[in-house]
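Before any comments, here is the structure.
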Amino acid sequence: MTGMGHPLQTNNSTITAAFRSALNHQLLILVVLGVLVVVAWNVARTLQYRRAVAAGTLSSTHSTPLPGPEPAGRRLLRITFGLLWLFDGLLQLQGAMPIGLPGTVITPAASSSPGWVQHLTNAGTTIWSNHPVTAASATVWIQVGIGIFLLVAPRGYWSRAAGAASVGWGLVVWVFGEAFGGIFGSGTSWLFGTPGAAVFYVVAGALVALPETAWESSRLGKGLLRVMGVFFVGMGILQAWPGRGSWSGGAHASSASGTLTTMVSQMSQVSQPSVFASWVRFFGSFQAGHGWLVNFVIVVLLIGIGAAFLSGRLRVVRVGVIVGSVLCLATWVLIQDFGFFGGLGTDPNSMIPMALIFTGGYVAMARLPARAPVTEAPPVSEVATPAAADVPTGLAGWLDRFNPVYLLRALLAVLALAIVLVGAAPMAVAATNPNADPILIEAANGPPNLVDVPAPSFTLTDTSGHSVSLASLNGRTVVLAFLDPVCTSDCPLIAQSLRLADEKLGAEAHDIELVAVVNNPLYRSTALTAAFDRQEGLDHVTNWVYLTGSLAQLHGVWNDYGVQTEVSPAGGMVAHSDIVYVIDKEGRTRVILNSDPGEGSAEGSSFVSQLTSEISNVVHS
Amino acid sequence: MRIPPRPQRRVSAALLLVTVAAAVSLGASALAGGTASSAAVPGQASASAGPTIPLTTSSVADTTTWATLAMGHLDDPLNTFWQLLTLSGSRWQLATPPGVASNGGLVAAAEPTSVLAGFGASQALQFSPLARTVDQGSAWQAGVLPGTLSLVPDALAQGGGKSLALLRTAGGKVMVSTTDLSTWTPVITASALRRQSGPASCHLGSLTAVTLDVHGSTLVGASCAQGGRAGLFAPSSDGWMSVGPAIPGESNGATEVVRLDQTAAGTAALVSAGTGATTRLYAIWSTDGLGPWTVSTGLPLKRATLLSTGVTAAGGFVVSTRRGSAAPSASVLGPTSLQWKSLPSLPSGTTSVTASPGGSYDALVPVQSTLSVYQLGSTGWARVQRLRVDIPYGSSG
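So the sequences go chain by chain: V and H. Per my numbering, the very first residue in the first sequence carries number 136; after that it's consecutive. Per my numbering, the very first residue in the second sequence carries number 73; after that it's consecutive.
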């Protein structure tokens with residue numbers, strides 16, 4: 136992760152506090168906007184009322200009538216997916232989301248996908264990782280905003296815009312957050328969520344964004360169900376495909392990864408309420424004993440449901456919808472574990488949105504909107520032509536054209552759009568900035584140290600066992616880094632960056648001492664610093680020294696220089712700051728650099744150029 | 073509110089076509105994706121076409137069982153973190169030495185008073201850190217190897233104040249430390265061993281295990297391309313000599329030492345013999361590591377993958393295997409019974425079967441950050457523990 140030595144803990148207090156603070160600030164902005172909407176609504180209604188009283192038309196209807204009822208299928212999709220977006224937005228409020236999402240959700244989701252997919256998702260995770268607070272808070276507001284947008288705008292352009300917003304953000308989530316739902320990875324299965332939940336949000340959004348007249352006939356519903364029919368049949372064939380381990384089971388089931396048995400086993404072991412755990416365990420034990428039978432039933436149901444959808448006959452489709460809903464619900468509860476238990480859940484997974492889509496298709500097919508009665512146009516002579524004085528003018532006149540309910544919904548839609556923009560605008564700005572947010576450095580390093588102060592003194596031991604003090608280096612410019620000798624990624628790159636900067640400085644390097652201090656409380660012997668030097672080819676660099684000491688000595692140096700060090704459990708590297716001090720010949724700190732090399736090699740790192748330039752400046756100052 | 077214009081009916085048709093195309097491509101890509109992904113779990117590639125030696129292992133030292141196994145996302149090497157676990161009493165506990173990334177592999181050598189652990193190289197780290205505990209993993213003393221530890225279960229050994237390490241050089245190199253865990257001197261290399269008259273007859277491939285016998289003498293296990301003898305070698309007055317027994321029915325075939333340990337029954341080794349479908353696993357025991365040897369019957373592997381190996385409290389072995397996508401199975405033997413005995417079918421997802429100090433068997437089922445422990449009882453396997461492990465995903469790379 137750029138901008139820090141090693142990935143922060145997901146519950147890093149600095150980041151969590153910044154996340155909460157950002158959300159609070161944005162909420163404040165939205166409260167102000169909400170108040171403005173309420174004021175606008177009151178002003179508009181007051182103006183309408185006054186004009187109606189003046190014109191003596193208080194009891195008459197407004198010139199813009201509300202259209203007929205919204206098509207039932209569209210209403211179902213709009214409201215349910217609005218609620219889903221709202222729920223997903225609330226899930227994004229989890230404190231671990233800013234740091235945790237890339238490592239625990241996105242990267243694992245893409246891990247079985249081909250390289251180009253991982254490359255694509257990496258681009259997204261890089262932006263997120265560089266701006267975790269902005270990205271996480273943006274996601275909250277975008278999803279909450281789209282949810283409210285869908286809920287408050289039932290008709291017309293506002294409503295279609297809400298659908299389009301759902302399509303746009305759904306695609307972003309599907310590509311960058313779900314790695315295309317894993318469809319390009321190995322071991323895909325309908326049961327595990329393929330083709331991803333977000334793609335159903337996209338489909339629902341697209342349907343809501345269609346012109347309303349598309350819902351006037353049963354063609355849309357039929358077409359949608361046919362697509363779902365093909366999908367279900369395809370998923371049934373995939374589930375039945377030999378060699379994928381779906382049929383494994385027997386008395387004690389298979390351990391081949393990707394099988395239904397393994398899926399159920401995995402899900403039964405995630406953290407969840409005990410009542411749900413007992414259901415999943417029950418199904419897990421049944422599945423372990425009857426793996427073949429369970430898969431057979433699933434395959435038959437998938438293909439049967441697909442065939443029912445493809446039939447186009449309403450009664451058959453209805454049976455398919457009922458069976459499909461039951462199957463989706465059972466899979467959601469027993470296999471997908473409601474989608475958000477046991478980790479950093481971001482949505483309820485694919486089953487609920489999928490069921491909503493085909494149910495929406497059925498409703499669109501079965502419950503067509505009532506057409507407005509065709510009435511004969513009155514003769515031209517009978518059409519009243521308003522007098523010029525009666526034609527509304529100005530803002531008040533313009534307002535007269537709107538039904539109060541429409542006006543209220545339009546204002547709420549504007550507010551929903553504002554909620555989306557409150558998240559999206561800072562995110563768009565942040566995405567153009569390739570540099571990591573300073574909050575990451577603060578989170579990793581603690582409060583920033585003062586520059587241009589006397590460098591704290593220390594006396595430590597070099598690889599040969601000789602004492603070396605900072606005071607003994609007076610008269611030379613000291614480049615001071617903090618390195619873990621058993622680090623697997625950043626520290627070797629930082630060491631190489633120091634060596635390359637030293638080489639670039641040429642003759643100037645004679646006045647420079649490259650000093651590293653061990654930054655691992657457990658692996659800190661001189662044997663380890665010597666092994667690191669040999670590994671990095673630094674054992675022959677004459678102005679390089681790698682220092683260590685007792686734990687008390689090291690803690691003293693780390694504290695004095697504001698270096699954070701945290702031992703991770705379960706086989707993780709020591710998390711620590713990546714910072715480099717440049718100390719002038721008089722022993723004063725002149726520059727503090729974030730030395731995170733990012734990905735790639737030291738040769739390609741911009742840090743080398745920056746370091747070289749800063750050292751040169753200090754040498755010549 | 074403006075009523076929308078008449079619909080463009082092509083929109084729904086186009087949507088239908090696009091979605092059908094997506095569904096078809098989805099199905100095709102899913103089918104092309106093929107079978108389940110394989111786990112990126114390190115193990116030593118076999119030089120003798122025998123089974124790949126799994127790093128997942130366990131051994132009983134006095135009243136404690138120690139086990140190593142991979143957890144995390146096993147299909148992603150950077151997010152596969154090896155863990156050291158200890159069973160003392162009836163509960164398994166995490167004992168992975170802190171301070172080093174374990175996604176390069178983890179090897180442990182246990183003796184009653186201490187455990188020595190070594191880490192495989194990972195990413196830019198090109199030498200192996202070591203750690204030793206004398207208090208069941210509460211505190212660790214750090215060390216370092218002058219190279220990379222070989223990723224085999226018995227790449228480390230300790231006893232009598234000495235430590236042995238098998239380094240991953242060309243064919244392998246054995247080193248010894250008698251002072252601390254930072255000063256190492258060479259003992260023997262594969263190429264030097266090949267030049268010795270005794271070992272030469274086996275067409276030695278690579279070194280696969282080390283141990284210290286009851287006298288504190290070095291014993292080296294290796295793979296042999298021919299000869300039909302277990303590739304075990306000990307120092308003698310005039311170099312190194314072959315001390316391994318002939319494997320019955322393998323008159324001139326390839327062998328490979330999979331495990332080599334000091335056990336309650338003396339020096340014990342697990343040896344694979346044969347190639348391909350005819351590969352069998354044999355257990356051998358000797359009181360002093362020099363012979364004579366007791367040789368078990370062979371366990372036919374029939375191209376099965378060896379998932380884990382473990383040493384029992386009595387000095388026997390427990391191994392788990394899996395053939396293709398079939399259910400994993402486990403077999404145990406010895407040292408009093410030389411016949412392999414099958415255990416009941418293992419719980420789904422089992423990657424290791426371990427023996428407890430009391431003689432029972434546990435099946436370890438890691439699923440990402442959760443380890444489920446199943447114990448074999450009179451009615452079969454029953455889950456007795458679930459252990460949550462905070463896998464440091466994304467901390468390397």
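For each residue, glycine too, the CB sits at the ideal point set by N, CA and C.
Is residue i near residue j, with beta carbons less than 8 Å apart?
i             : j             : result
residue 545/V : residue 325/V : no
residue 618/V : residue 630/V : yes
residue 263/H : residue 242/H : yes
residue 698/V : residue 711/V : yes
residue 361/H : residue 327/H : no
residue 749/V : residue 709/V : no
residue 392/H : residue 343/H : no
residue 343/V : residue 212/V : yes
residue 320/V : residue 328/V : no
residue 452/H : residue 416/H : yes
residue 473/V : residue 339/V : no
residue 500/V : residue 463/V : no
residue 331/H : residue 434/H : no
So that I know if they touch, is there some Cβ in chain V lying closer than 8 Å to that of residue i?
i             : result
residue 373/H : no
residue 194/H : yes
residue 179/H : no
residue 307/H : no
residue 457/H : no
residue 120/H : Confidence is the limiting factor: at residue 120/H the pLDDT is only 48, short of 50, which leaves the residue's position unreliable and the question unanswerable from this model.
residue 126/H : no
residue 198/H : yes
residue 207/H : no
residue 461/H : yes
residue 429/H : no
Straight-line CA distance for residue i to residue j?
i             : j             : result
residue 430/H : residue 419/V : 30 Å
residue 103/H : residue 702/V : Low confidence applies to residue 103/H: its pLDDT is 38, below 50, so where it sits in the model is not reliable enough to give any reading.
residue 681/V : residue 313/H : 44 Å
residue 269/V : residue 298/V : 24 Å
residue 247/V : residue 563/V : 29 Å
residue 286/H : residue 339/H : 8 Å
residue 124/H : residue 377/H : 7 Å
residue 233/V : residue 300/V : 23 Å
residue 726/V : residue 586/V : 6 Å
Counting only beta-carbon separations shorter than 8 Å, does residue i have a partner in chain H?
i             : result
residue 488/V : no
residue 190/V : no
residue 660/V : yes
residue 238/V : yes
residue 243/V : yes
residue 233/V : no
residue 183/V : no
Q. Between the region 600-623 of chain V and chain H, which residues of the former have a C-beta closer than 9 Å to a C-beta of the latter?
A. 619, 620, 621, 622, 623
Q: For the region 621-630 of chain V and the region 682-693 of chain V, state whether three or more C-beta atom pairs, one from each stretch, are separated by less than 8 Å.
A: no
(Q) So if I threshold CB-CB distances at 9 Å, which residues from the region 159-177 of chain H count as touching chain V? (A) 166, 168, 169, 170, 171, 172, 173, 174, 175, 176
Q) Taking any Cβ of chain V, which residues in the region 248-262 of chain H have a Cβ under 7 Å from it, in chain order? A) 254
Q.
Contact between the region 250-267 of chain V and the region 298-314 of chain V is defined here as three or more beta-carbon pairs at a separation below 8 Å; is this criterion met?
A. With the cut-off at 8 Å, the region 250-267 of chain V and the region 298-314 of chain V touch.
Q) If contact means a Cβ-Cβ distance below 9 Å, which residues of the region 215-241 of chain H contact chain V? A) 215, 216, 217, 218
Q: Pair every Cβ in the region 394-407 of chain H with every Cβ in the region 144-159 of chain H, then say whether three or more of these pairs are closer than 8 Å.
A: no
Q: Report yes or no: do three or more beta-carbon pairs, one from the region 540-560 of chain V and one from the region 142-157 of chain V, lie closer than 8 Å?
A: no
Q) Taking a cut of 8 Å between CB atoms, which residues from the region 135-159 of chain H lie near chain V? A) The region 135-159 of chain H vs chain V, Cβ under 8 Å: 143, 145, 146, 147, 148, 151, 153, 154, 155.
Q) On the three-pair Cβ rule with 8 Å, is the region 187-205 of chain H touching the region 458-465 of chain H? A) no
Q. If contact means a Cβ-Cβ distance below 9 Å, which residues of the region 702-716 of chain V contact chain H?
A. 702, 703, 704, 705, 706, 707, 708, 709, 710
(Q) Beta carbons nearer than 8 Å to chain A: which residues of the region 630-663 of chain V have them? (A) In the displayed structure, chain A is absent; the protein chains listed are V and H.
Q. Are at least three pairs of beta-carbons, each pair with one atom in the region 316-334 of chain H and one in the region 352-366 of chain H, less than 8 Å apart?
A. yes
Q: For the region 382-400 of chain H, enumerate the residues whose C-beta is nearer than 9 Å to any C-beta of chain V, in chain order.
A: Those would be 394, 396, 397, 398, 399, 400, in chain order.
Q. In the region 263-278 of chain V, which residues sit with their C-beta less than 8 Å from some C-beta in chain H, listed in chain order?
A. none
(Q) Under 8 Å: do the region 239-258 of chain H and the region 303-311 of chain H share three or more Cβ pairs, one atom per stretch? (A) no
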